[in-house]
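Engineer:
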Amino acid sequence: MAIENPIAVVQEHLDGLQQEHGPAHPEVIEAWTKLAELTGQRGDPRSAAILYQQLGDTLRERVGPFDGKVLDAYEGMARWLAGG
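Numbering (the numbering used here), first residue to last: 5 to 88.
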């Protein structure tokens with residue numbers, strides 16, 4: 005029995021949630037954050053930062069630039085750019 009790639013599993017889950025709820029839904033944000041963190045923890049901090057930037061940019065368009073969720077996403081991006 006093969007063990008699935010956890011990043012691929014979370015990405016698939018995120019894709020399904022986005023189709024069902026749209027990008028600003030709390031479950032989508034949680035899955036997107038989980039994907040970014042897992043990506044960074046598995047040795048790809050640049051991709052983790054990119055995922056957080058994409059989340060921040062998407063949320064900024066939907067909920068405005070000063071929403072706490074937007075700021076959290078950009079903080080995650082900065083943290084991974086600084087080395088995790």
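C-beta atoms are modelled at their ideal positions from N, C-alpha and C, and glycine is treated no differently. Bear in mind that the values here come from a model prediction, so they are computed numbers and not experimental data.
What are the boundary residues of the alpha helix (DSSP H) that His29 is part of?
Structural biologist: For the purposes of this step, residue 29 is taken as residue 25 along the sequence shown, with counting starting at 1. That residue, His29, is in no alpha helix (DSSP H); it is neither H nor E in DSSP.
Engineer: How about Leu85 and Lys73: are their beta carbons less than 8 Å apart?
Structural biologist: Here residue 85 is taken as the residue at index 81 of the sequence shown, counted from 1. Here residue 73 is taken as the residue at index 69 of the sequence shown, counted from 1. For Leu85 and Lys73, no; Cβs fall outside 8 Å.
Engineer: So, Leu55 versus Val32, is the Cβ gap smaller than 8 Å?
Structural biologist: Here residue 55 is taken as the residue at index 51 of the sequence shown, counted from 1. Here residue 32 is taken as the residue at index 28 of the sequence shown, counted from 1. Not a contact, by the Cβ cut-off of 8 Å.
Engineer: Just to confirm my understanding: we take Leu42, look at its own chain, exclude 5 residues before and 5 after, and list those with CB closer than 7 Å. What are they?
Structural biologist: Position 38 of the sequence shown, counting from 1, holds the residue named residue 42. Pro10, Ile11 and Val14, listed in sequence order.
Engineer: Assuming Val67 contacts Ala35 (C-beta within less than 8 Å), just tell me the rounded distance between them.
Structural biologist: Taking the sequence shown and counting its residues from 1, one reaches residue 67 at position 63. Taking the sequence shown and counting its residues from 1, one reaches residue 35 at position 31. That pair is no contact at about 17 Å.
Engineer: By how many angstroms is the C-alpha of Thr37 removed from the C-alpha of Gln23?
Structural biologist: By 1-based counting over the sequence shown, the position of residue 23 is 19. By 1-based counting over the sequence shown, the position of residue 37 is 33. Roughly 17 Å between the two C-alpha positions.
Engineer: Return the CA-CA distance between His25 and Met81, expressed in angstroms with no decimal places.
Structural biologist: Within the sequence shown, the letter at position 21 stands for residue 25. Within the sequence shown, the letter at position 77 stands for residue 81. When rounded, the distance between both Cα atoms is 24 Å.
Engineer: With DSSP collapsed to three states, give me the class of Arg64.
Structural biologist: The sequence position of residue 64 within the sequence shown is 60, counting from 1. Helix, per DSSP.
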